[in-house]
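Taking the working numbering, the leading residue of the sequence shown gets 162, the next gets one more, and so forth. Working notes, beginning with the structure itself.
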Amino acid sequence: MMPLTERPGSRLIYNPIERQSPMTQKTRASLKDIANQTGLSISTVSEALRNSPKVRPRTRKLVEEAAARLHYRPNPLVTALMSQVREAKQPTDSLVLALIDASNRKEQLSVSHWNATVIEGAARRASILGCKTETFSLGKETLTEERINQIILTRGIQGVLVLSMPNPWSKLKLDFDQFSLATIAYSLRSPRLHRVSPDHGRGMRMALKKTTDAGYNRIGFYSDKETELRVNHQMLASLYWYNQQIPREFRIPPLVSEFYAKDEFDAWYDKWSPDAIISPRDFVLTWLTERGVQVPDQVGFVSLNLTESLLECAGWNQRPDLQGEAAVECIMDQLNRNERGIPTNPKTITLDGEWQNGPTLPSEPRPERSKLGDIFISV
Numbered sequence: 162m163m164p165l166t167e168r169p170g171s172r173l174i175y176n177p178i179e180r181q182s183p184m185t186q187k188t189r190a191s192l193k194d195i196a197n198q199t200g201l202s203i204s205t206v207s208e209a210l211r212n213s214p215k216v217r218p219r220t221r222k223l224v225e226e227a228a229a230r231l232h233y234r235p236n237p238l239v240t241a242l243m244s245q246v247r248e249a250k251q252p253t254d255s256l257v258l259a260l261i262d263a264s265n266r267k268e269q270l271s272v273s274h275w276n277a278t279v280i281e282g283a284a285r286r287a288s289i290l291g292c293k294t295e296t297f298s299l300g301k302e303t304l305t306e307e308r309i310n311q312i313i314l315t316r317g318i319q320g321v322l323v324l325s326m327p328n329p330w331s332k333l334k335l336d337f338d339q340f341s342l343a344t345i346a347y348s349l350r351s352p353r354l355h356r357v358s359p360d361h362g363r364g365m366r367m368a369l370k371k372t373t374d375a376g377y378n379r380i381g382f383y384s385d386k387e388t389e390l391r392v393n394h395q396m397l398a399s400l401y402w403y404n405q406q407i408p409r410e411f412r413i414p415p416l417v418s419e420f421y422a423k424d425e426f427d428a429w430y431d432k433w434s435p436d437a438i439i440s441p442r443d444f445v446l447t448w449l450t451e452r453g454v455q456v457p458d459q460v461g462f463v464s465l466n467l468t469e470s471l472l473e474c475a476g477w478n479q480r481p482d483l484q485g486e487a488a489v490e491c492i493m494d495q496l497n498r499n500e501r502g503i504p505t506n507p508k509t510i511t512l513d514g515e516w517q518n519g520p521t522l523p524s525e526p527r528p529e530r531s532k533l534g535d536i537f538i539s540v
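What follows is the structure in structure tokens.
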């Protein structure tokens with residue numbers, strides 16, 4: 162638009178003389194500018210900047226150096242539009258994301274239930290984005306790692322999501338260089354991929370805040386070593402921080418067992434007399450009931466894993482379905498950028514989850530019962 166100027170005794174009018182010359186305006190470098198500098202076609206420049214495998218590494222480097230000299234910055238609106246155009250050209254049933262599930266064994270029923278919820282979320286988000294998912298159960302019948310790798314390569318599948326593994330020190334062997342990749346949580350230790358995980362530290366702080374707000378003072382935590390490895394020790398880290406904020410007489414050492422054992426739990430309970438217990442396993446609630454403990458009147462209980470809880474509890478829902486959705490988005494972003502293989506700098510996407518009230522903990526604050534003083538717990 163031409164600038165406006167005001168003449169004495171008149172209204173505002175256009176003044177074409179004051180309009181800037183196009184040559185004096187700061188122009189934005191374009192693909193054409195890069196093409197002119199490199200002697201390449203605009204289409205080749207575009208493919209190189211999108212990391213297309215069609216472009217040789219030497220050519221890609223030439224384009225990137227020219228783009229840096231020209232201070233080229235892609236227009237995000239144009240990028241989004243072209244991404245939609247490319248997606249529209251692709252048949253919706255041609256893009257399949259492989260979900261690798263190694264939790265089909267009977268001894269891993271809890272992991273299997275968790276993965277089933279992740280799969281639901283992944284399939285839902287993939288459908289919205291115009292593709293679909295297919296689950297490959299590792300170890301089922303003849304589906305070895307080598308066989309799955311052969312199948313997904315033969316079918317031209319480019320995106321792979323590795324679901325939670327049977328143990329927290331798992332490894333997986335695939336031809337990773339061919340795929341855009343993501344995994345769920347921390348059980349896949351090798352290779353290190355982009356991952357989506359619940360924020361276990363925040364979940365623990367949320368449980369501690371809800372429990373202290375409800376007027377409980379001696380809060381105990383019960384878990385096992387394998388679970389702590391799975392969550393990368395984040396729950397324990399938040400608990401240790403919390404114990405430094407409260408008076409020493411109210412601190413209870415956590416019980417982290419090699420295996421869940423009722424006799425070990427009973428000994429810990431008798432020694433420390435907690436008035437509330439936080440745990441990722443709801444059978445602790447059954448143990449309390451068997452002891453004749455009235456919940457929540459005598460002892461409050463909070464579950465840190467409502468997804469796998471078989472009992473009605475107050476606690477933290479980690480929302481594995483939303484983790485499946487976020488993992489699909491992570492893979493699709495890589496596909497749109499033509500990124501393949503094990504990332505040099507893997508990123509972790511953490512999701513908050515959500516608190517759910519339940520009959521094992523009062524939902525209303527009871528500050529009159531607190532003996533902890535003024536304590537701030539950030540969530």
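For each residue, glycine too, the CB sits at the ideal point set by N, CA and C.
Would you kindly check if the distance between the Cβ of residue j and the Cβ of residue i is under 8 Å?
i: ASN276; j: LEU349; result: no
i: THR432; j: VAL540; result: Residue 432 is actually Lys in this sequence, not Thr. Not closer than 8 Å, so no.
i: SER531; j: ASN378; result: yes
i: LEU231; j: ILE195; result: yes
i: ALA259; j: ILE318; result: yes
i: ALA375; j: GLY461; result: yes
i: SER298; j: LEU290; result: no
i: GLU499; j: SER288; result: The sequence shown places Asn at residue 499, not Glu. No.
i: VAL257; j: GLU295; result: yes
i: HIS274; j: GLU469; result: yes
i: ILE261; j: ILE309; result: yes
i: ALA398; j: TRP477; result: no
What residues in its chain sit with their C-beta under 6 Å from that of residue i, if we drop five residues either side in the sequence?
i: GLU268; result: In this prediction, GLU268 scores a pLDDT of 44, lower than 50, which makes its location untrustworthy; the coordinate-derived value is nonetheless stated afterwards. Excluding sequence neighbours, GLU268 sits near nothing in its chain.
i: PHE382; result: LEU400, PRO415 and ILE439
i: ARG221; result: ALA209
i: GLY534; result: none
i: MET396; result: HIS361 and MET365
i: LYS423; result: TRP448
i: PHE537; result: none
i: TYR201; result: Looking at the sequence itself, residue 201 is Leu, so the reference to Tyr does not match. Here the set comprises nothing.
For residue i, tell me which candidate among the options has the shortest Cα-Cα distance.
i: ARG442; options: ALA475, LYS293, GLU306 and GLY534; result: ALA475
i: ALA229; options: VAL417, ALA190 and VAL357; result: ALA190
i: LYS508; options: ILE318, ARG286, PRO218 and VAL357; result: VAL357
i: LEU322; options: SER264, ALA488, GLY534 and VAL463; result: ALA488
i: ASP336; options: ARG353, GLU307 and SER288; result: GLU307
i: ARG114; options: LYS332, ASP513, LEU522 and ASP494; result: Residue 114 cannot be examined here, being either before or after the span of the chain that is shown, 162 to 540.
i: LYS332; options: SER351, ALA375, THR344 and THR315; result: SER351
i: ILE413; options: GLY282, TRP429, GLU226 and TRP448; result: TRP429
i: LEU467; options: LYS423, LEU304, GLY514 and ILE492; result: GLY514
i: THR373; options: PRO435, GLY291, GLU451 and SER418; result: PRO435
i: TYR421; options: LEU522, TRP448 and PHE411; result: TRP448
i: SER418; options: GLU410, ILE407, LEU390 and LYS293; result: LEU390
i: ILE492; options: LEU512, ASN310, LEU223 and ILE345; result: ILE345
i: ASP458; options: PRO235, PHE411, LYS293 and LEU522; result: LEU522
To the nearest whole angstrom, what separates the beta carbons of residue i and residue j, a pair I think is in contact under 8 Å?
i: LEU465; j: GLY320; result: About 31 Å separates the two Cβ atoms, so there is no contact after all.
i: GLN479; j: PRO359; result: 4 Å
i: VAL279; j: GLN484; result: 6 Å
i: PRO504; j: LEU354; result: 7 Å
With a CB to CB cut of under 7 Å and the five nearest residues on each side skipped, what residues in its chain are close to residue i?
i: ARG501; result: ASP338, GLN339, PHE340 and SER341
i: VAL473; result: Here the sequence assigns Glu to residue 473, which means Val is not the residue at that position. Closer than 7 Å at Cβ, skipping near neighbours: GLY519 and PRO520.
i: LYS215; result: GLU208
i: MET184; result: Residue placement at MET184 is poorly supported in this model, since its pLDDT is 36, which falls under 50; the coordinates are not used for a value here.
i: GLY453; result: none
Quick one: what's got a C-beta closer than 8 Å to residue i's C-beta in the same chain, skipping five residues either side?
i: LEU471; result: ASP443
i: VAL445; result: TYR383, PHE426, ILE438 and PHE462
i: ASP482; result: THR278, VAL279, GLU281, GLY282 and ARG285
i: GLN455; result: none
For residue i, is the beta carbon positioned less than 7 Å from some heavy atom of the ligand GTP?
i: VAL257; result: This structure simply doesn't include the ligand GTP, nor any ligand for that matter.
Cβ contact check for the segment 321 to 337 and the segment 518 to 529: 3 or more pairs under 8 Å: no
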